[in-house]
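This report refers to the structure that appears directly beneath it.
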Amino acid sequence: MVEAVQFPTKTVNYCTVKMDESIINLVVVSWTTLFLLTRKIFPNRSFDFCNRLVSTVHAILAVILASISVQDWSSPVCPLASRSSPKQIRAMAVTLAYLIYDFVCCLFDKQVKIDNLIHHLVVVVGLVASLAYEWCDSEIIAALLLTEISSPFIHLRKILKELGCKDTDLNLTADVLFAVIFSSARMMGGAYLTFMTLSADNPILIKVINFMDFNYYRIHNFFYLTKVDFKPNLAPL
Numbered sequence: 001m002v003e004a005v006q007f008p009t010k011t012v013n014y015c016t017v018k019m020d021e022s023i024i025n026l027v028v029v030s031w032t033t034l035f036l037l038t039r040k041i042f043p044n045r046s047f048d049f050c051n052r053l054v055s056t057v058h059a060i061l062a063v064i065l066a067s068i069s070v071q072d073w074s075s076p077v078c079p080l081a082s083r084s085s086p087k088q089i090r091a092m093a094v095t096l097a098y099l100i101y102d103f104v105c106c107l108f109d110k111q112v113k114i115d116n117l118i119h120h121l122v123v124v125v126g127l128v129a130s131l132a133y134e135w136c137d138s139e140i141i142a143a144l145l146l147t148e149i150s151s152p153f154i155h156l157r158k159i160l161k162e163l164g165c166k167d168t169d170l171n172l173t174a175d176v177l178f179a180v181i182f183s184s185a186r187m188m189g190g191a192y193l194t195f196m197t198l199s200a201d202n203p204i205l206i207k208v209i210n211f212m213d214f215n216y217y218r219i220h221n222f223f224y225l226t227k228v229d230f231k232p233n234l235a236p237l
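For the sequence shown, the UniProt record's numbering gives the first residue as 1, with consecutive numbering after it.
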């Protein structure tokens, strides 16, 4: 008699979602409190300066939490299409809470950037779906590592600029490190991760979100360059 094999089903665990919601609400308040404290400590600095300090803290914390939750460093993306671990859920909840906070901050900035808001929404939907399904978190954690590992350097560039250190060796170092890490993580690591996620037995929503996240900047730049190239010349003859 052949024993039937039971495979896990990709269903939403509503009890876990409720617990995650409480954690996320708490962390959103924590990020907001940190921002308000930063504004209090640096009253003469801009809104963007204080927000980038908070963003830098998140980027460092996200990389640490994601690194801790990797199950096997010989193959960080594995196991593919697997159930979430508590460490993975914690890492994603912290980042999801930050993105909610940062999305609201973007609305209060002097110049609202629509492309940045769209990117935030794409990532938020992906994290919410992954937390709801409790599935494919190895892929999400790997994506979190690849996207956040270069973030401290891009924030450092803007912070140094406001501090008057634009034309310094420190700023040049931040520029070079950001360019190298961002390019290698997005172009090589991102392409590999996208292939692994699309080929694994993941929910279709997760596949779409992963593809959009890692190809967002390419798609955005393509349409931006197309818009520039085909812009009619309205200068007087």
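Every residue gets a Cβ at the ideal spot worked out from N, C-alpha and C, and that includes glycine. In this text, all values refer to a predicted model and were calculated from it rather than measured experimentally.
Cα-Cα separation between TYR98 and ASP169, rounded to whole angstroms: When rounded, the distance between both Cα atoms is 31 angstroms.
Nearest neighbour of MET92, chosen from ILE64, PRO152, ASN171 [CA to CA]: Among ILE64, PRO152, ASN171, the Cα nearest to that of MET92 is on ILE64.
Buried or exposed by the 16-neighbour rule on C-beta atoms within 10 Å, applied to ILE68: ILE68 is exposed by the Cβ-count criterion.
Nearest residue (CA-CA) to GLN71, options GLN88, VAL176, PHE49: The shortest C-alpha to C-alpha distance from GLN71 to any of GLN88, VAL176, PHE49 is the one to GLN88.
C-beta atoms of LYS166 and ASP48 nearer than 9 angstroms: Taking 9 angstroms as the Cβ cut-off, LYS166 and ASP48 do not qualify as a contacting pair.
DSSP three-state assignment for ARG83, whether helix, strand or coil: DSSP places ARG83 in strand when its eight states are reduced to three.
Coil, strand or helix - ARG45 by DSSP: Judged by DSSP in its simplified three-state form, ARG45 adopts coil rather than helix or strand.
Residue burial classification, PHE230 (beta-carbon count within 10 angstroms, cutoff 16): For PHE230, the pLDDT reaches just 36, beneath the cut-off of 50, and the residue's location in the model is therefore unreliable, leaving the point undetermined.
At least 3 beta-carbon pairs within less than 8 angstroms: the stretch 113 to 130 vs the stretch 29 to 39: Contact between the stretch 113 to 130 and the stretch 29 to 39 is absent, because fewer than three Cβ pairs lie under 8 angstroms.
Entirely enclosed beta strand (DSSP E) segments - the stretch 142 to 184, minimum 3 residues: Whole beta strand (DSSP E) segments, 3+ residues: zero.
C-beta contact flag for ALA59 and ILE149 at 9 angstroms: For ALA59 and ILE149, yes; Cβs fall inside 9 angstroms.
Whole-number beta carbon distance between ALA129 and ILE41, since they are thought to touch under 8 angstroms: The C-beta separation of ILE41 from ALA129 comes to about 37 angstroms, leaving the pair out of contact by the 8 angstroms criterion.
TRP31, DSSP secondary structure in three states: TRP31 sits in a helix when the DSSP states are folded into three classes.
Cα-Cα separation, CYS105 to ASN51: Going from the Cα of CYS105 to the Cα of ASN51 covers about 8 angstroms.
Short Cβ contact (9 angstroms threshold) for ALA143 with LEU96: Taking 9 angstroms as the cut-off, the beta carbon of ALA143 is found no closer than this to the beta carbon of LEU96.
Between the CA atoms of LEU198 and ILE206 - distance to the nearest angstrom: So the two alpha carbons sit approximately 9 angstroms from each other.
ALA174 and PHE195 closer than 9 angstroms at C-beta: Taking the C-beta atoms as reference points, PHE195 is found no nearer than 9 angstroms to ALA174.
Segment limits, alpha helix (DSSP H) that includes ASP115: Unbroken alpha helix (DSSP H) run through ASP115: 114 to 133.
Cut-off 7 angstroms between Cβ atoms - residues of its own chain near THR38, not counting five sequence neighbours on either side: Contacts found: CYS50, LEU53, VAL54.
Buried versus exposed call for ALA66 [16 or more other C-beta atoms within 10 Å across all chains shown]: Buried: at least 16 other Cβ atoms inside 10 Å.
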